[in-house]
Amino acid sequence: MYSTTHHGKGVEMVTTIEPRYYETGDVARTLGVAVETVRKWERLGTIAPPIRTAGGRRLFSLEQVEAIRARRLARHEAAPPLNAA
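Throughout the sequence shown, residue numbering follows my numbering, covering 1222 to 1306 in sequence.
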């Protein structure tokens, strides 16, 4: 995420610009998992494959990140409580 500050007519405005694509590390931090976990999900076919740069870096769209987050939330909500007997 990038922020810029604009000054005009005595008013200061801050504009936040969301990137169109997120690198694996950004996705991992957002989801609270390790980078290798995101890579593993891709290898296993658990998540849709991201686009790749010419250098091979994975780039995930915001829609992909939100879909992964929703899937993780659904999985956690469906899990029984740890103290269930």
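Glycine residues also receive a C-beta, built at the ideal position from the N, C-alpha and C atoms.
{"Item": "For Ile1272, three-class secondary structure by DSSP", "Value": "strand"}
{"Item": "CA nearest to the CA of Arg1241, picked from Arg1279, Lys1261 and Leu1283", "Value": "Leu1283"}
{"Item": "N-terminal and C-terminal residue of the alpha helix (DSSP H) that Arg1279 is part of", "Value": "It is not in any alpha helix (DSSP H) - Arg1279 instead sits in the beta strand (DSSP E) that spans Arg1279 to Ser1282."}
{"Item": "Where Pro1271 falls, given that 16 or more other Cβ within 10 Å makes a residue buried", "Value": "buried"}
{"Item": "Spatial distance of Val1286 from Val1248 (CA atoms)", "Value": "7 Å"}
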